[in-house]
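One structure is given below, encoded as structure tokens.
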Amino acid sequence: MTNRKTRVVVGLSGGVDSSVAAHLLLEQGYEVIGMFMKNWHDESVTISNECPWMEDSTDAMLVAEKLGIPFQAIDLSEEYRERIVDYMFAEYEAGRTPNPDILCNREIKFDIFLKAAQKLKADFVATGHYCQKGEIEVDGKSVYQLLAGADPNKDQSYFLCQLTQSQLSKALFPIGHLQKSEVRAIAKKLDLITAEKKDSQGLCFIGKVRLPDFLQQQLKPKTGPIIEIPSELGKLKKYQVPANLDPEDYDEQSLHDLAFPLSFQIAEGKKVGEHRGAHYFTVGQRKGLNVGGTGKPLFVIATDTKENVIYVGLGEDHPGLLRHALFVKNDQIHWIREDLKLQPGETARYEARIRYRQALSGATLLQRENGLFIIFDQAQKGIASGQFVAWYQGEECIGSGTIY
0 MTNRKTRVVV GLSGGVDSSV AAHLLLEQGY EVIGMFMKNW HDESVTISNE
50 CPWMEDSTDA MLVAEKLGIP FQAIDLSEEY RERIVDYMFA EYEAGRTPNP
100 DILCNREIKF DIFLKAAQKL KADFVATGHY CQKGEIEVDG KSVYQLLAGA
150 DPNKDQSYFL CQLTQSQLSK ALFPIGHLQK SEVRAIAKKL DLITAEKKDS
200 QGLCFIGKVR LPDFLQQQLK PKTGPIIEIP SELGKLKKYQ VPANLDPEDY
250 DEQSLHDLAF PLSFQIAEGK KVGEHRGAHY FTVGQRKGLN VGGTGKPLFV
300 IATDTKENVI YVGLGEDHPG LLRHALFVKN DQIHWIREDL KLQPGETARY
350 EARIRYRQAL SGATLLQREN GLFIIFDQAQ KGIASGQFVA WYQGEECIGS
400 GTIY
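Shown next, in the form of structure tokens:
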């Protein structure tokens, strides 16, 4: 009986990255199948009369044809609505800021799509992500590492920070060692239709959609006040870190004060304008407030979706915008490297980021009975509930969690 080739199903999105990923896998001797995921097709929320998924699907099919690999499309729109879209609406409605791209990788590409690929007897799935995979041995067992992409401007490890060991074991990232310019050059040389195609903007697979327009489908506009909070308000002192204090010396109360988001009352500030719905705004946002004449820009420092109030602060150095710490509840903590998981009472030093493409910042992780506190060496701007924090050791993403 002949040994069959290792079979890889590559998620062809109709973009240049996944096209080149498929080509590189062929070069490496894999048996490659291209699969296009149709995740969203609610025509009522696309911005223009373009139909992005049809165009992308066609491009994916043409790439597969050119590379001479089998191609199929799979409709995951039901699962996408349930797992991503409904979740997003619920989070925004509750005044939190979800990250659909991270969820899409965890719930769709490396779960539902992976299972569909395994039905085709695939050994691996591959995507066009700019990240790399390592493998080391710990206590005689294989442990997989999620490593940053070689192109510092395109590193997408943050978007994959919720993957598990079992998902990583089945994942390949063929372009992770390349620069974006090299990927485009390969596509050009192969004369692929996607060679010059712009990188997709907008939500993961929803195509050309503006987030507020998308949210307005479910969350109806309602007018409410914009309240400016003065920077000298007493309670903001809770966010200030005493100089030279070792994070491990914090008592529970001061940890709580530093890491939990503050809530404000209308009476603590002055009304400077009106908005069309608190659930359309996120902490750290400055666009879309439409309040003039303030000199410095205004930033959202808190939203109250129950009372429909937005609280803002003046200037980038407003103490309500800058925080040194955040908290992750126990059921929201995710260790990619399970062997490095902290037990209650343990602490560790890592570098962390709270958004894609943000520079990593030194941080102390303190695991307590009720959850994980992360204290940054430098204050972070616009820590938003619902977003993801990811922590790293050098190039390796060690774990992540949803910010409380």
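Mapping the sequence shown onto numbering that gives the first Met the number 0, position 347 (from 1) lands on 346, and the numbers just tick up by one.
All C-beta atoms, glycine included, are put in the ideal place defined by N, C-alpha and C.
query = When we look at the beta-carbon of Gln357 and count the other beta-carbons within 10 Å, is it buried (16 or more) or exposed?
reply = exposed
inquiry  = To the nearest angstrom, how far is the alpha carbon of Phe204 from that of Pro99?
reply    = Unreliable positioning characterises Phe204 in this predicted model, as indicated by a pLDDT of 44, which lies under 50. The coordinate reading is nonetheless provided below. Computed Cα separation, rounded: 10 Å.
task = Would you check if the distance between the CB atom of Pro246 and the CB atom of Ile73 is smaller than 8 Å?
result = No, the pair does not count as a contact, with Cβ atoms beyond the cut-off.
query = From Ser17, Asn38 and Lys37, pick the residue whose C-alpha is nearest to that of Val31; which is it?
reply = In terms of CA proximity to Val31, Ser17 leads the group Ser17, Asn38 and Lys37.
ask   = Taking the alpha helix (DSSP H) that Ile185 falls in, what are its first and last residues?
value = Lys179 to Lys188
inquiry  = With a threshold of 6 Å on Cβ separation, who are the neighbours of Leu288 within its own chain once the five nearest residues in sequence on each side are excluded?
reply    = Leu297
key: Beta-carbon gap between Phe372 and Cys160 smaller than 8 Å   = no
key: Selection from Gly292, Ile382, Ile353 and Val7 that minimises the alpha carbon distance to Thr126   = Val7
query = Can you give the Cα-Cα distance for Val38 and Gly294, rounded to whole angstroms?
reply = What sits at residue 38 in the sequence shown is Asn, not Val. Whole-angstrom Cα-Cα distance: 43 Å.
key: Secondary structure, beta strand (DSSP E): runs of 3+ residues fully inside the stretch 316–396   = 321–328, 332–334, 346–352, 360–367, 370–380 and 387–392
message = For the structure I just gave you, are there three or more beta carbon pairs, one from the stretch 148–159 and one from the stretch 119–134, closer than 8 Å?
response = yes
ask   = Where Phe88 and Ala383 are concerned, what is the direct C-alpha to C-alpha distance, given to the nearest angstrom?
value = 16 Å
ask   = Touching or not, the stretch 301–313 and the stretch 228–243, by the rule of three or more beta carbon pairs under 8 Å?
value = yes
message = Using a Cβ distance threshold of 8 Å, determine whether the stretch 395–402 contacts the stretch 328–348, with at least three qualifying pairs required.
response = yes
Alpha-carbon spacing of Ile353 relative to Ser360, whole angstroms = Straight-line Cα distance between these residues: approximately 10 Å.
query = Is the stretch 249–260 touching the stretch 317–329 in the sense that three or more CB pairs, one from each, lie closer than 8 Å?
reply = yes
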